[in-house]
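Numbering (the numbering used here), first residue to last: 14 to 172. Below: one structure, written as structure tokens.
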Ligand code: SF4
Ligand code: SF4
């Protein structure tokens, strides 16, 4: 399923962007309830532990607060967390030195789940408010996240 996801998502990407473009501004702004309902529906059906594609391929940006929490969880100094696991990317943000994520276990569990970065907790953002602000990003996320792909396909079918 994951193997073909990027190809499948790319195939419909133009159509999905066109769908959002065709919505009247007010309709786009009022999408939150529909998207949140689809988010619940799809995540009831999809098992993230059978996927973990985001943890394998997307690196979260880590804030100072994330680093503080991870350091406390691992009983390390913050500088040690940075030295062992992080690098600064081209935008000046902390990201993991390499992917898959160093905290991803072989059974797809997260080794620091309770203290994982905020970006990990919030991904893929389909339950956040003001969805219209991230609709283009969500279309891109469909290449990585099968749940996002399904949410967008069901959204298009509903309209
Ligand atoms: S910290 Fe945990 S949730 Fe975040 S990418 Fe790594 S394994 Fe996944
Ligand atoms: S890519 Fe999406 S479905 Fe897969 S583990 Fe991440 S959030 Fe869950």
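Don't be surprised by glycine CBs; every beta carbon is placed ideally from N, CA and C.
Asked: Span of the beta strand (DSSP E) holding residue 100?; Found: 99-101
Asked: In three-state terms, what does DSSP make of residue 6?; Found: Summary: the structure shown does not reach residue 6, with the chain confined to residues 14 through 172, and so no result is reported for it.
Asked: Quick check: residue 139 and residue 48, are their CB atoms within less than 8 angstroms of each other?; Found: yes
Asked: When the Cα atoms are used, what is the spatial distance from residue 31 to residue 153?; Found: 14 angstroms
Asked: At a cut-off of 7 angstroms, would you count residue 125 as near ligand 1, judging by its Cβ distance to the nearest heavy atom?; Found: yes
Asked: Going along the chain, which residues put their C-beta within less than 7 angstroms of some heavy atom in ligand 2?; Found: 59, 61, 64, 65, 66, 67, 68, 136, 137, 157, 158, 159, 160 and 161
Asked: When burial is assigned at 16 or more other CB atoms within 10 Å of the CB, is residue 116 buried or exposed?; Found: buried
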